[in-house]
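All remarks here apply to the structure that follows.
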Amino acid sequence: MKKLIAAAVATSVSAIAMADVSITGNANYEYFHKEDSGYNTNYADMEINLSVQGKSGDTGVVANFEIDNHGNGDSALDIEDTYITTKIGDINVKAGNFASGTTALGGEIDQGGRATNKVDLSTTIGGAKVGYAVSSVSATDEGYGTDSAAVYASIPVAGMTLGIKDNTDSYTITGLKGAISGVNFRVENKDNDAANSDALFYQVGTKIGDLSVSYEAIDSDAAGTDSITDVVTEGDSAIFAQEMAVDSTSKGKTGVDGVSQFTVATSIDGTALKLRVGELRGGKVSGTQYKDAGFSRIEASRQLASGAKLTVSYDDYEDTGVTSSGTMSDTQLLEVDLSVKF
């Protein structure tokens, strides 16, 4: 009997060892102290992200979870990406529920919202990646909605990468990124079929001694329209200290039609330092002109011996949505972020 039990246990352990399953993730605790219009506010956020991945041959499955606990006591479990990847001949298949990030083509302009019933088919032809993606949007309770389809290509050109994405009867995004003589650049233009809704993102940077310097901006073609704040919907960028859009249902900031920023970064004795100074450009909506709003952020981050990373940042920014005859006010925000990857 003991031999039988031992054999059963050994078989179970062997099966577990052979299973290609991994769990990775990250977590961060953020403490904020905010001074706004004479009020002092303290609050905190806790976020844990878990990624469960399984693999069998060329087929993989991914399920990503986000657990939030906000300063007001609200907590939520969000099942984010859930998708499968596989190959059918030379065709790469990705199907399920997933989003594109800000580094993707058009990622600084459009929020990479997760779509249901999404299928992405791609392959490589002569060094160029070409693909077709389709997803259901505005899904009903039955799980069906309007299909949104796009074709795309990523083409190497003289050491650079040319990207094209065309969404049927909606928009075309073109982009070029690379480096020339030590100068890095990324340029992306979204040409919307709808009037007054185009957007251009660009970033250029280089190194000067121990300093990394760059200039980044977004310009939108929305002057004079009420939909000015809906042109750029990405509100969770790692590039801009203040953004045109906010990461919420309402998205845009009132009366903002562009953002520009200078960034300087360096490292001193293992501490990464970054300074960002810029401006949210005020536009005109229904005849009302809004003011420009300046902002700055200084940030220091360091990897600790414990395995965690400590980041401290201080923001000083002016209000948006202030008319030309209005009075600007400043907000100061101190953030302490303790994060870890595992």
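To convert, count from 1 in the sequence shown and add 41; that's our numbering.
Quick reminder that beta carbons are idealized off the backbone N, C-alpha and C, glycines included.
query                                                                                                                                                                     : result
According to DSSP, which residues form a beta bridge with residue 315?                                                                                                    : 306, 340
What is the rounded straight-line gap between the Cα of residue 152 and the Cα of residue 86?                                                                             : 22 Å
Let's test the definition: count the other Cβ atoms within 10 Å of the Cβ of residue 282 and tell me whether it reaches 16, buried, or not, exposed.                      : buried
In this structure, does DSSP put residue 215 in helix, strand or coil?                                                                                                    : strand
When you compare only the Cα positions, how much space is there between residue 72 and residue 168?                                                                       : 46 Å
Is residue 317 closer than 7 Å to residue 299 when the C-beta atoms are compared?                                                                                         : no
Please identify the residue among 220, 171, 226 whose C-alpha is closest to the C-alpha of residue 132.                                                                   : 171
My output table needs one value for residue 283: the three-state DSSP class, helix, strand or coil.                                                                       : coil
Spatial neighbours of residue 241 within its chain, please: CB distance less than 6 Å, with the 5 preceding and 5 following residues excluded, ordered by chain position. : 230, 260
Hey, would you say residue 214 sits closer than 7 Å to residue 148, going by beta carbons?                                                                                : no
Tell me the DSSP secondary structure of residue 237 in three-state form.                                                                                                  : coil
Please report how far the alpha carbon of residue 69 lies from the alpha carbon of residue 218, in whole angstroms.                                                       : 31 Å
For residue 161 and residue 206, what's the separation of their Cα atoms in angstroms?                                                                                    : 13 Å
With burial defined as no fewer than 16 other Cβ atoms inside 10 Å of the residue's Cβ, what is the status of residue 250: buried or exposed?                             : exposed
Which residues in the same chain have their Cβ closer than 7 Å to the Cβ of residue 333, if we skip the five residues on either side of it in sequence?                   : 320, 321, 322, 323
Can you grab the Cα-Cα spacing for the pair residue 307 / residue 340, in whole Å?                                                                                        : 11 Å
Looking only at C-alpha atoms, which of 96, 277, 192, 295 sits nearest to residue 364?                                                                                    : 295
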